[in-house]
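Protein sequence lines, in the order shown, are assigned to chains A and B. Going by this note's numbering, the first sequence opens with residue 866, and the numbers climb by one from there. Going by this note's numbering, the second sequence opens with residue 866, and the numbers climb by one from there. We put the beta carbon where it would ideally sit given N, CA and C, even for glycine. Note that the structure is a prediction, hence the values are computed from the model and not measured.
Protein chains: 2
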Amino acid sequence: MPAKKTIRDVALLAGVSPATVSRVLNDNPRVSAENRERVLGAAKALRFRPNTQARLLAGKRTSTLLLIHPIAGPLTWYFHLLEAGLLKGCGRNGFQLDTLMVFPDSPRRMAKILQPIERGTCEGVVLAAPFSDDPEIIAAVRASRMPFVIIAAGAETRALAAGVGMDDEAAGHMMARHLLGLGHRRFGFTLGLPDHLSAQERFVGARKAFAEAGLGEDAVVEAEGGLDFPSGFAAFNRIHDTGFKPTAVICANDESAAGAIHAARMHGLQLPGALNIVGFDDAPFARLLSPPLTTIAQTIDIMGTRAVTILADAIRKIERPYEMVKPRLVIRESSERVRDFAASAE
Amino acid sequence: MPAKKTIRDVALLAGVSPATVSRVLNDNPRVSAENRERVLGAAKALRFRPNTQARLLAGKRTSTLLLIHPIAGPLTWYFHLLEAGLLKGCGRNGFQLDTLMVFPDSPRRMAKILQPIERGTCEGVVLAAPFSDDPEIIAAVRASRMPFVIIAAGAETRALAAGVGMDDEAAGHMMARHLLGLGHRRFGFTLGLPDHLSAQERFVGARKAFAEAGLGEDAVVEAEGGLDFPSGFAAFNRIHDTGFKPTAVICANDESAAGAIHAARMHGLQLPGALNIVGFDDAPFARLLSPPLTTIAQTIDIMGTRAVTILADAIRKIERPYEMVKPRLVIRESSERVRDFAASAE
DNA sequence: CTGAAAGCGCTTACAG
DNA sequence: CTGAAAGCGCTTACAG
């Protein structure tokens, strides 16, 4: 195996001091263009890779970003994807990633979140939902002067901090338009959790689309729900029990849609054919359901990568607004043009 | 924020030199019991946490483990779980984790895998399937003298190296026994990929159980398949086209089972009721299918954590045999007692 | 803009 | 078994 190259080797080849090499590597502007060229050339020629450990040690930096996310039963795929995206961004930007899991309902959640920030074990923080929705937490983190970004935040906190998230209202609007375009006129809704604002906004958008299409209140039945399979199952049953016969049911997310699909089958409904069920997120399993699920994709991993860039800027005191990612409709077999079945539903 | 404690602070409080503190921290046996006690006590009192960067730099070690896994479309959940388990183990054992993705069919796969090993950018390697099934790769890695473990290997390579995996033959046997116990006597099989040995072994085990139950060759129809949704879909259709009417179809894994479920529905079969379909893995989405899938759980994350321990031992020259994890049957709604439907299948 | 020097927190021969 | 010292590869005031 070839001997490891160090900053000294590069300095020797470039004919400068190690300090100058270090400056070039760190984008320090106080280096002449000529020396910069030579150092870069020498580094490339030697295939020099700086030693991360040494950089961190000498720079007295942790170069560690901290992801704070909820301990939650469902949606593990969501956090896997988010983490994968963050890791990718960390790799590009020379950061490490630590993860802190917090119970969203714990009374000690604020202390839990603030502890690593006050100890200085990280240089920046990524707040995932539902923490990104909580103005108190945002205020406390901001007061600590620790750079941070929020992911998938609701309207209130979005105005307060940098971050990324999907435009959920647009997503809801897009899904409703899709179904309206297929001829649907009677809808069911299974709602998400009250404290998860982004799920709420999906329905705000959908309602707008219904109103624009001239549908009245009697065209829609909502049911309390949640973001997991059992919640979707129960919510569907609640709609069914009202006697109202929607031709399409919009679920808060894909997991609850899976539950709703199963509930609909238990009632002997043919899917699709007698009923359309759709979700949000384009979870990895959405295409594995029967029928494969029509849904709205949000590129969570890409959002994670983007979040690191925004956070890296925040660390350098570059301020940015919260960024809204455009939703994308993914049409699969679970939605289809309304033929005569609308009349014969069930 | 409290000042960071260093090894010097601990040495001062314990009344020894920093070198002694370092030895205690590294389990060096050449420290008197008395000094060990004092150092440990001082470290605890000061809440001392050694600086990883400095340790790695001074020790000239990378403390990095390398996971080599295939670039594959489906089964991403599998690698997420494996990685999560490995990361947990790395945390406990003071390792970092790098991941190298390799195309299993690339002609350059051997070179890709050997490169980081020869460069010495890691201290140990984790080989995931299908690389763990390849005797050539095993031999090459062994020849490099780099410590390594294999995950989910077939019988041939299992005898050659340390690692962890489920006992797939036992898993297949267990699933077949479950279905036989429910009264099933006519079976369909969708096979996995030919080069993924652990999937093959599942069927070896199942066939044994059928033979033990006195079933003949005519009780089973197999179809070429794969490990993803489309493969399962196609494999089911192939079985269906033969005219054979199984009461239960055993699929190579959960993703292909999802495809088979969808195919069965397209043929108008009621699930369950007219047909049982089961899978292997207990993937996170298995409970989200309609019907929720009966399957065999393998604790992939725990296997990952265990793999790090085994690899850490290998690095210390402690040899271990390949470990087989016991499968666990997860019964959900997709399997049920055969009533009269066996006769009226379809 | 540039270099010499000190230092980041730890490990490890070396000498005892 | 123990300590003084050198050094891991880099960064950053400091002085110019």
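What first and last residue would you give for the alpha helix (DSSP H) that runs through residue i?
{"i": "Gly989 of chain A", "result": "Careful: Gly989 of chain A lies outside any alpha helix (DSSP H), inside the beta strand (DSSP E) at Gly989 to Leu992."}
{"i": "Met1011 of chain A", "result": "Where Met1011 of chain A is concerned, there is no enclosing alpha helix (DSSP H), given that its DSSP letter is neither H nor E."}
{"i": "His934 of chain A", "result": "From DSSP, His934 of chain A is part of no alpha helix (DSSP H) but of the beta strand (DSSP E) over Thr929 to Pro935."}
{"i": "Arg974 of chain A", "result": "Arg974 to Arg984"}
{"i": "Phe944 of chain B", "result": "Thr941 to Asn958"}
{"i": "Gly906 of chain B", "result": "Ala898 to Leu911"}
{"i": "Gly924 of chain B", "result": "Thr917 to Gly924"}
{"i": "Ser1200 of chain A", "result": "First-last for Ser1200 of chain A: undefined, no H or E at that position."}
{"i": "Pro995 of chain A", "result": "Looking at the DSSP string, Pro995 of chain A is not in any alpha helix (DSSP H), and its letter there is neither H nor E."}
{"i": "Arg888 of chain B", "result": "Pro883 to Leu890"}
{"i": "Arg873 of chain B", "result": "Ile872 to Ala879"}
Once you ignore the five residues that flank residue i on each side, which residues in its own chain have a CB closer than 7 Å to its CB?
{"i": "Gly1090 of chain B", "result": "Thr1055, Leu1056, Gly1057, Ser1096, Gly1097, Ala1100, Ala1117 and Ser1121"}
{"i": "His1132 of chain B", "result": "His1105"}
{"i": "Ala1208 of chain B", "result": "Caution applies to Ala1208 of chain B, whose pLDDT of 47 falls short of 50 and renders its modelled position unreliable; the model cannot decide the point."}
{"i": "Val896 of chain B", "result": "Thr885, Arg888 and Val889"}
{"i": "Glu983 of chain A", "result": "Ser1009"}
{"i": "Arg1051 of chain B", "result": "Ala1084, Lys1110, Pro1111 and Thr1112"}
{"i": "Asp1178 of chain A", "result": "Arg1185"}
{"i": "Leu922 of chain B", "result": "none"}
{"i": "Val1203 of chain A", "result": "Leu1047, Gly1048, His1049 and Thr1112"}
{"i": "Arg1214 of chain B", "result": "Here chain B comprises residues numbered 866 to 1211, so residue 1214 of chain B is not present and cannot be evaluated."}
{"i": "Lys1233 of chain B", "result": "The requested residue 1233 of chain B is not part of the displayed model; chain B covers only 866 to 1211."}
{"i": "Ile1167 of chain A", "result": "Gly950"}
{"i": "His1127 of chain B", "result": "Phe1098"}
So, at 8 Å on beta carbons, what are the nonlocal neighbours of residue i in its own chain, with the 5 sequence-adjacent residues on each side left out?
{"i": "Asp1032 of chain B", "result": "Met1189, Val1190, Lys1191 and Pro1192"}
{"i": "Pro1137 of chain A", "result": "Pro1156, Glu1198, Ser1199, Ser1200 and Glu1201"}
{"i": "Leu979 of chain B", "result": "Ala1005, Val1006 and Ser1009"}
{"i": "Ser882 of chain A", "result": "Ala876"}
{"i": "Val910 of chain A", "result": "In the sequence as displayed, the identity of residue 910 of chain A is Ala instead of Val. Same-chain partners within the cutoff: Leu878."}
{"i": "Trp942 of chain B", "result": "Ala1148, Pro1149 and Phe1150"}
{"i": "Asp963 of chain A", "result": "Thr929, Leu930, Leu931, Leu932, Pro981, Thr986 and Cys987"}
{"i": "Thr927 of chain A", "result": "Leu921, Gln961, Gly985, Thr986, Cys987 and Glu988"}
Mind listing the chain B neighbours of residue i? Cutoff is C-beta to C-beta under 8 Å, in chain order.
{"i": "Glu1120 of chain A", "result": "Leu1153"}
{"i": "Ala993 of chain A", "result": "Here the premise fails: no neighbours, minimum Cβ distance about 16 Å."}
Strictly below 7 Å CB to CB, what residues from chain A border residue i?
{"i": "Trp918 of chain B", "result": "Strictly speaking, residue 918 of chain B in this sequence is Gln, with Trp absent from that position. Per Cβ cutoff of 7 Å: Gln918, Leu921 and Leu922."}
{"i": "Ala1004 of chain B", "result": "Per Cβ cutoff of 7 Å: no residues; Ala1004 of chain B is ~19 Å from chain A at best."}
Report the neighbours of residue i on chain B: residues whose CB is nearer than 7 Å to its CB, in chain order.
{"i": "Ala910 of chain A", "result": "Ordered by position in chain B, no residue passes the 7 Å Cβ test against Ala910 of chain A, which lies about 18 Å from the chain."}
{"i": "Ala898 of chain A", "result": "The premise fails here: Ala898 of chain A is roughly 32 Å from chain B at the closest Cβ pair, so nothing lies under 7 Å."}
{"i": "Ala1027 of chain A", "result": "Result: empty, since nearest Cβ-Cβ is about 24 Å, beyond 7 Å."}
Excluding the 5 residues preceding and the 5 following residue i in the sequence, name in chain order all residues of the same chain whose CB lies nearer than 6 Å to its CB.
{"i": "Ile1002 of chain A", "result": "Phe996"}
{"i": "Phe944 of chain B", "result": "His934"}
{"i": "Lys953 of chain A", "result": "Thr1170"}
{"i": "Ala879 of chain A", "result": "Arg903, Val904 and Ala907"}
Name the chain B residues whose beta carbon is nearer than 9 Å to that of residue i?
{"i": "Ala1018 of chain A", "result": "Near Ala1018 of chain A there are no residues of chain B at all, since even the closest Cβ is about 25 Å away, more than 9 Å."}
{"i": "Ala1084 of chain A", "result": "Simply none; closest approach about 27 Å."}
{"i": "Ala907 of chain A", "result": "Near Ala907 of chain A there are no residues of chain B at all, since even the closest Cβ is about 20 Å away, more than 9 Å."}
{"i": "Ala1008 of chain A", "result": "Neighbours of Ala1008 of chain A on chain B: none; closest Cβ ~14 Å, over 9 Å."}
{"i": "Ala1035 of chain A", "result": "In chain order: nothing, as chain B lies at least about 26 Å away."}
What first and last residue would you give for the beta strand (DSSP E) that runs through residue i?
{"i": "Ile1196 of chain B", "result": "Run containing Ile1196 of chain B: none; DSSP gives neither H nor E here."}
{"i": "Val967 of chain A", "result": "Gln961 to Val967"}
{"i": "Thr1212 of chain B", "result": "What the structure shows of chain B is the stretch from 866 to 1211, and residue 1212 of chain B is not part of that stretch, so it cannot be assessed."}
{"i": "Ala1113 of chain A", "result": "Ala1113 to Cys1116"}
For a contact defined as C-beta to C-beta under 8 Å, what are the partners of residue i on chain A?
{"i": "Ala976 of chain B", "result": "Chain A residues near Ala976 of chain B: none, gap ~15 Å exceeds 8 Å."}
Chain A partners of residue i, CB-CB under 9 Å?
{"i": "Ala1024 of chain B", "result": "Correct list: empty, because the minimum Cβ distance to chain A is about 30 Å."}
Which full runs of the alpha helix (DSSP H) of 4+ residues lie inside the segment 1021–1103 of chain A, going along the chain? Segments of the alpha helix (DSSP H) lying fully in the segment 1021–1103 of chain A: 1033–1046 and 1062–1077.
Closer than 7 Å between beta carbons: that is the criterion. Which residues of the segment 1088–1116 of chain B meet it against chain A? Answer in chain order: Phe1094.
When you check each C-beta in the segment 1149–1172 of chain A against every C-beta of chain B, which residues fall closer than 8 Å? Pro1149, Phe1150, Arg1152, Leu1153, Leu1154, Ser1155, Pro1156 and Pro1157
With 8 Å as the limit, tell me which residues of the segment 1125–1141 of chain A have their beta carbon closer than that to any beta carbon of chain B; keep them in chain order. Ile1126, His1127 and Arg1130
Residues within the segment 933–964 of chain B neighbouring chain A, beta-carbon criterion of under 7 Å: Thr941, Trp942 and His945
If you measure beta-carbon to beta-carbon, which residues of the segment 1058–1076 of chain A are closer than 9 Å to chain B? none
Residue ranges of each beta strand (DSSP E) run of no fewer than 3 residues wholly in the segment 1166–1190 of chain B, ordered along the chain? 1188–1190
Which runs of the beta strand (DSSP E) spanning at least 3 residues fall entirely within the segment 1118–1145 of chain B, listed in chain order? 1141–1143
Identify each residue in the segment 1176–1187 of chain A for which the Cβ-Cβ distance to at least one residue of chain B is less than 8 Å, and report them in chain order. Those residues of the segment 1176–1187 of chain A placed with their C-beta closer than 8 Å to a C-beta in chain B do not exist.
Against chain B, which members of the segment 871–890 of chain A pass a CB distance test of less than 8 Å? none
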